[in-house]
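Following: one structure in structure tokens, then a few remarks.
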Amino acid sequence: MAFYNKSPAFVLPLLLITLASMSGNTMVAEARHLLADFPTIPELPEIPKFEGPQFPSIPELPEIIPKVEIPKLPELPTFPGLPELPKIPTLKP
């Protein structure tokens, strides 16, 4: 707060901007008059849908690469010396 007392040069531009914005002659009601006097825009006729030529259908291609079976992952070995992990509690719905 002491900064404002020592430097009035900072407050002066803010004061000038505030006073300049208050002295404007523009009124909000003038915008309403502009909308009331605005001519109506004529509607455009509908554009007919473009119907292009019919393209021939694409023939089905034979299957070149046969489907390959994915082998199952091997089971991980169990280690008897390791303790079991604690179970994480869950919320019941």
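The sequence shown lines up with residues -24 to -1, 1 to 69 when you count with mature numbering (1 follows the signal peptide of the UniProt record, and there is no 0).
Using N, Cα and C, we set each Cβ at its ideal position, and we do this for glycine too.
Worksheet entry | Residue range of the unbroken alpha helix (DSSP H) whose run includes L67 | No alpha helix (DSSP H) holds L67; DSSP gives it neither H nor E.
Fill in: T16, DSSP secondary structure in three states
Coil at T16, not helix or strand.
Worksheet item: Taking DSSP as the reference, what is the three-state secondary structure of V44?
Response: coil
Worksheet item: From E45 to P38, what does the alpha carbon distance come to, in whole angstroms?
Response: 20 Å
Practice prompt. Could you spell out where the alpha helix (DSSP H) holding L(-11) opens and where it closes?
Written response: V(-14) to M(-3)
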